[in-house]
Amino acid sequence: MSVAEHDPQRLLDRRILSRPRDESVYRRAQSAGLSELQARILAGRLHDYTDDIASLIDPSLRYLAHPERLQDARRAAERIALAVTEGEHIGILTDYDVDGITSHVVILRTLNELFGVPMHKLHSLIGHRIFDGYGISLPLVERTLALSPRPSLVITADCGSSDEPRIARLREAGLDVVVTDHHALPTAGPPASAYATVNPTRSDCDYPDPTIAGCMVAWLTMSLTRSVLIEQGVAAPSTPKLSPWLSYVALGTVADCVSLGASPANRAVVSHGLTLINRMGAACWRVMAERLGDDSVPFDAETLAFQMGPRINARSRLDDPYAALHFMLAADDASARRHLEVLDTDNQSRKAIEADMVESARALAFDALAESASAIVVFLEDGHAGVQGIVASRLVQAFGRPTLVLTPAAAPGMLTGSGRSIEGLHLRDALQRAHELAPEALPRFGGHRGAAGIGVPRERLAEFRDAFLTAVEEQLSGRELFPYVLTDGALLPEQLSLAAVDELARLAPYGREFDAPLFDGEFRIEQLRPVGADGNHLMLELSCGAVSLKAIWFRALTPGELPPFGLGDRLRCAYKLSRNRWRGRESLQLMIEHAEPMS
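Quick note, the sequence shown lines up with residues 6 to 604 if you use this note's numbering.
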């Protein structure tokens with residue numbers, strides 16, 4: 006009898022584990038002048054890191070490598086410069102998520118505002134997630150070819166690396182395609198029909214950081230185009246640099262969940278971009294701050310990840326993404342407010358759809374795990390394709406297994422899906438292996454280590470599932486899988502202070518592969534009460550020795566559920582330190598991520 010059959014609830018039991026610590030990084034960090042607490046945070050995130058720690062703890066644009074080191078970047082820049090010089094019509098074809106939208110803004114604003122290309126010669130081409138699908142889809146190709154006048158150059162961003170057949174169709178029609186992307190390339194290599202392919206994951210690329218986001222690849226390519234135009238005497242040496250657009254690159258980088266760990270480049274653009282954002286020079290930033298309230302300012306990486314990112318993504322998940330583009334490009338606060346209203350409405354709808362799909366998917370996941378499967382593959386007949394990735398993330402958190410969530414595609418007989426991975430599993434590599442095992446069951450896929458998208462014929466779903474499970478098991482080699490939270494250990498009572506919050510803030514930005522600090526400790530419950538419209542959050546007062554603390558635990562309960570503990574009970578908590586602002590006063594608050602009663 007399997008564990009699941011014996012006790013299905015055990016599949017949901019999250020374990021609190023301590024992060025492994027790289028002792029070399031720990032010693033080097035303290036030698037560099039960091040406190041023990043700061044050194045502990047770095048050592049738990051930078052395993053086998055031998056480069057200069059200063060480039061991570063003191064982010065600076067001087068750590069950005071020159072765009073010339075990107076293979077094909079010079080060729081791409083010269084082709085874009087030619088289009089600018091010759092007055093060609095240019096198509097800007099990008100993905101519909103935050104990385105794609107911010108890439109679009111960078112390319113469009115650079116061409117129009119810095120290079121002087123009139124707006125009527127720029128064609129925004131963003132696919133519809135439901136009707137077109139990801140990347141350079143066939144419907145998007147046909148719409149491009151139907152444009153009049155037709156662009157002679159198409160610049161992609163955050164897509165294109167796996168789209169050779171559609172790029173070939175554009176080339177046959179006389180269009181040049183410059184691909185800028187960051188997704189893993191297929192085994193065949195860069196698309197042969199592209200005029201140029203700028204992608205840091207190319208095997209022949211010398212760029213030192215392959216983890217940069219699509220918007221950063223676009224920014225580097227357009228920065229090099231500026232240099233080419235100046236070299237050619239087309240643009241004046243005084244032509245402004247693209248530095249202001251790093252605000253958009255910061256948003257795209259954080260929202261796309263690329264590494265903020267051992268990546269000086271990503272940490273630099275996010276840090277610098279947040280400085281630009283907090284100047285509130287653009288309507289989109291001002292209006293978002295207005296919507297989130299005074300306590301949201303200054304923005305940090307979490308604001309971008311959990312407030313701005315979901316609102317922009319929600320539009321593309323449920324409808325066409327142009328409202329998100331218009332919001333980012335809004336020239337004044339009034340128009341930004343109108344577009345943000347649309348994004349907010351969609352985000353609320355997305356949350357409702359997500360809740361229903363998660364409930365259905367969890368039930369199916371229990372069935373799948375009855376056989377102790379190493380991965381979850383669920384098909385939701387009535388699911389919404391735009392929310393697949395979020396639902397997959399929820400299942401990963403709940404079950405500790407890589408997850409794929411599929412729904413019906415617009416094309417008859419096809420399913421589309423999104424996946425999210427776990428630590429130690431390269432999702433795209435697993436899909437590549439599944440394709441090798443069952444090529445007809447997985448005709449289309451793309452992505453990277455942590456996330457991916459797939460297309461599967463409905464009639465071959467079972468065949469695909471078997472191939473994917475085999476591929477996952479080959480990578481994981483029988484590793485035990487369970488949901489868990491990783492903490493940075495315990496804090497002394499005297500460290501439970503706003504001073505510690507400030508100490509940790511000096512290591513920001515936090516994000517993927519550089520998680521915000523999470524600690525664990527034992528506390529006594531002095532007060533507790535359910536809060537929120539559904540009563541599913543808990544407000545607590547906890548004590549640790551002589552220290553009394555306020556704490557909030559979001560989604561601690563299901564609506565209508567009573568807490569499984571009471572006053573005087575002891576809890577082991579995994580928590581974050583946060584600064585609570587209320588009516589001009591600041592106090593420490595614990596943000597509980599997980600808690601379990603002490604026996």
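Beta carbons: idealized from backbone N, C-alpha and C, even for Gly. Keep in mind the model is a prediction, meaning the values are calculated, not measured.
- Cβ-Cβ distances below 8 Å link Leu503 to Arg584, Glu591, Ser592, Leu593 in the same chain, with the five nearest sequence neighbours on each side left out; the list follows chain order.
- Per the C-alpha coordinates, the member of Gln532, Arg517, Lys126, Glu346 positioned closest to Pro156 is Lys126.
- Met124 counts as exposed, since fewer than 16 other beta carbons sit within 10 angstroms of its beta carbon.
- In the structure shown, Leu225 adopts helical secondary structure according to DSSP, grouped into three states.
- Comparing C-alpha distances from Gly219 to each of His109, Glu468, Ile46, Gly589 shows the shortest one belongs to His109.
- Three or more Cβ pairs closer than 8 Å define a contact, and the region 62-81 falls short of that threshold against the region 138-152.
- As the crow flies, the alpha-carbon of Arg291 is around 34 Å from that of Gly424.
- Separation of the CB atoms of Gly452 and Gly460 is rounded to 12 Å, and the pair is thereby denied contact status at 8 Å.
- Inter-residue distance for Thr350 and Ser252 is about 25 Å (C-alpha atoms, whole angstroms).
- Assignment of Glu468 by DSSP, reduced to helix, strand and coil, places it in the helix class.
- Rounded to the nearest whole angstrom, the C-alpha separation of His440 and Val382 is 15 Å.
- For a cut-off of 8 Å, the C-beta gap from Ala260 to Ala310 is around 6 Å, short enough to register as a contact.
- Between the region 39-57 and the region 418-438, the count of Cβ pairs shorter than 8 Å is below three; the stretches do not touch.
- Inter-residue distance for Leu400 and Val410 is about 9 Å (C-alpha atoms, whole angstroms).
- For Gly422, the uninterrupted beta strand (DSSP E) run begins and ends at 419-425, by DSSP.
- Contact annotation: Leu554 and Leu496 have beta-carbon atoms that are not nearer than 8 Å.
- Sorting Gly257, Asp387, Ala378 by C-alpha distance to the C-alpha of Glu479 places Ala378 at the top.
- In this structure, DSSP gives Pro144 a helical state, which the three-state scheme calls helix.
- Rounded to the nearest whole angstrom, the C-alpha separation of Asp507 and Met362 is 39 Å.
- Going by beta carbons, Trp250 and Arg114 fall inside the 8 Å limit.
- When Cβ pairs closer than 8 Å are counted between the two stretches, the region 196-206 is seen to touch the region 81-92, the count reaching three or more.
- For the set Leu447, Glu499, Asn271, the Cα lying nearest the Cα of Ser60 is the one of Asn271.
- DSSP places Cys289 in the helix class (H, G or I) of the three-state scheme.
- Taking Leu229 as the centre and dropping the five residues before and after it, the same chain places the C-beta of Pro72, Ala78, Ala82 closer than 6 Å to its C-beta, in chain order.
- Contact check for Asn318 against Asp102 passes: the beta carbons are separated by less than 8 Å.
- Burial state of Met293 is buried, judged by a 10 Å Cβ sphere holding 16 or more other Cβ atoms.
- The residues Ala328, in chain order, have a CB closer than 6 Å to that of Val347 in the same chain once the five nearest residues on each side in sequence are set aside.
- Here Pro564 is not bridged, per DSSP, to any residue.
- With respect to the 8 Å criterion, Ala86 and Gln237 are classified as neighbours on the basis of their beta carbons.
- Selection Cys549, Arg575, Asp493 evaluated against Gln43 yields Asp493 as nearest (Cα-Cα).
- Here Gly516 is bridged, per DSSP, to Phe519.
- With distances taken between CA atoms, Ala375 lies nearest to Phe404 out of Leu39, Phe404, Asp338, Ser167.
- With respect to Gly257, Asp100 sits apart: the two C-beta atoms are not nearer than 8 Å.
- Inclusion of Ala390 and Thr412 in the CB contact set at 8 Å is warranted, their separation being smaller than that value.
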